[in-house]
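Working notes, structure below.
Residue numbers (mature numbering (1 follows the signal peptide of the UniProt record, and there is no 0)): -27 to -1, 1 to 448.
So this is what it looks like as structure tokens:
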């Protein structure tokens, strides 16, 4: 099974369309009032993507990237969970309605898996019509012709990662917190029970395993610090809203694992344990790479070991300079700063996986930069957080123009298909200066996949949460 991060295709640009500003955002709650217009546009981007293939109350998910990304209509559940929480960060009636559309779709997916009845979700689903590479298979959208949920097994997205399942449950728990509609809490509890039933690690450091592979039954042998952070926060939320203390006991399993992953000398968290390869010993810590998200997410979830944030802002700091940085894809003279994905991202020099060029060691990862801003704000360092948010807002203005989303001119229902095979994936131009791209330039994460200059629901949602002072791990 691929992680949600393990396939992110290269960027293509076209012509831009004017933006119609959302009326759902205001300066209220923003860390910096100067971000008001930027937040409006980011919410407008989420609205456009969510409505690209269906509108109203029809079940649907938001396509994670623009059409030209190569992922076609892929909707990662992680990205959609983030969108739910981003909408609820500005809880107008319309934003809550949209969050509920995604949440209700999660519940429908849980009840309509083609094989399993245990309430799980898969890694990703089709948001709209698409013909996979090589002439098929074809997907109609999140609902298949047979009435089952259309998970994207041809991409390798049929497995269930513990982190993805936990984020889906976190989104449902936030919906329950906002609406007090019991079905959302019931859905979150079912996902939490799935994690507990399938993923308790038998190895030295404990914690929760990475989930199950694409066959739905083969367990991953490794544990991820990132996933255990998600589980820790989710289980504390379930304890709060169900009143069942068993969830606190289960949360301690994840918390103890995180304690074992802390490197006191380096002042950072290890990424997790080994086990991805047959020769790996799952009892051993995975020493490399060292990623950003574990450092900031751990603080957001637990509120301790803030030195990991400082490690991130020092060790992973980067500035991409157009016309100066090697392999930069920025316009000449444009500069943007933030953080990168991992320590290894700053050293690799070869081709970017799934890309067409070599690694830009100076590239900025905007989702991660938003993680840093959110963690700094949670720690009380609001001024420093504003600096990172300003860089993301600058990139929102400067990058991603002309990318498209939604149905194409294909007579077969406007489906997306590979232009290299006679198809088309050109949809409707996204609103200008709205979505945040995943990266300033193509770069290698060090985990066998890359990020690219594609507008991204995940990066945009994290930006909104950070700008609005939302901690997605707390209730």
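In this text, a Cβ means the ideal position worked out from N, Cα and C, and glycines have one as well.
Item: Bridge partners - residue 264, DSSP secondary structure assignment; Value: 315
Item: Sequence-distant residues of the same chain with beta carbon closer than 7 Å to residue 76, five excluded per side; Value: 57, 144, 145, 148 and 157
Item: One or two residues paired with residue 428 in a DSSP bridge; Value: 410
Item: Touching by the beta-carbon criterion (3+ pairs, under 8 Å), the stretch 1 to 19 and the stretch 395 to 409; Value: yes
Item: At least 3 beta-carbon pairs within less than 8 Å: the stretch 281 to 290 vs the stretch 387 to 401; Value: no
Item: Beta-carbon proximity list for residue 283, same chain, < 6 Å, skipping 5 on both sides; Value: none
Item: Backbone CA spacing between residue 110 and residue 437 [nearest angstrom]; Value: 35 Å
Item: For residue 385 and residue 441, the rounded distance between their alpha carbons; Value: 41 Å
Item: Cβ pair count under 8 Å reaching 3, the stretch 303 to 314 against the stretch 342 to 362; Value: yes
Item: Residues near residue 199 by beta carbon distance below 7 Å, same chain, minus five either side; Value: 136, 266, 267 and 270
Item: Per-residue burial, residue 20 [other beta carbons within 10 Å of its own, 16 or more giving buried]; Value: buried
Item: Where residue 302 falls: helix, strand or coil (DSSP); Value: coil
Item: Spatial neighbours of residue 248 in its chain, beta-carbon cut-off 6 Å, leaving aside the 5 residues before and after; Value: 194, 195 and 255
Item: Cβ-Cβ separation, residue 169 to residue 223 (assumed contact under 8 Å), whole Å; Value: 6 Å
Item: Residue 430, buried or exposed, once every other Cβ within 10 Å from all chains shown has been counted against 16; Value: buried
Item: Nearest neighbour of residue 181, chosen from 151, 132 and 231 [CA to CA]; Value: 231
Item: According to DSSP, residues forming a beta bridge with residue 236; Value: 241
Item: Length of the line joining the Cα atoms of residue 304 and residue 323; Value: 22 Å
Item: Spatially closest choice to residue 108 from 316, 397 and 433, by CA coordinates; Value: 397
Item: Three-way DSSP call (helix, strand, coil) for residue 94 in this model; Value: coil
Item: Alpha-carbon to alpha-carbon, residue 162 and residue 142; Value: 7 Å
Item: Cα-Cα separation between residue 490 and residue 306, rounded to whole angstroms; Value: The structure shown does not extend to residue 490, since the chain is modelled only from -27 to 448, so the question has no answer here.
Item: Cβ-based neighbour list, residue 325, same chain, cut-off 6 Å, excluding 5 preceding and 5 following; Value: 332, 415, 417 and 423
Item: Endpoints, beta strand (DSSP E) assigned at residue 177; Value: Run containing residue 177: none; DSSP gives neither H nor E here.
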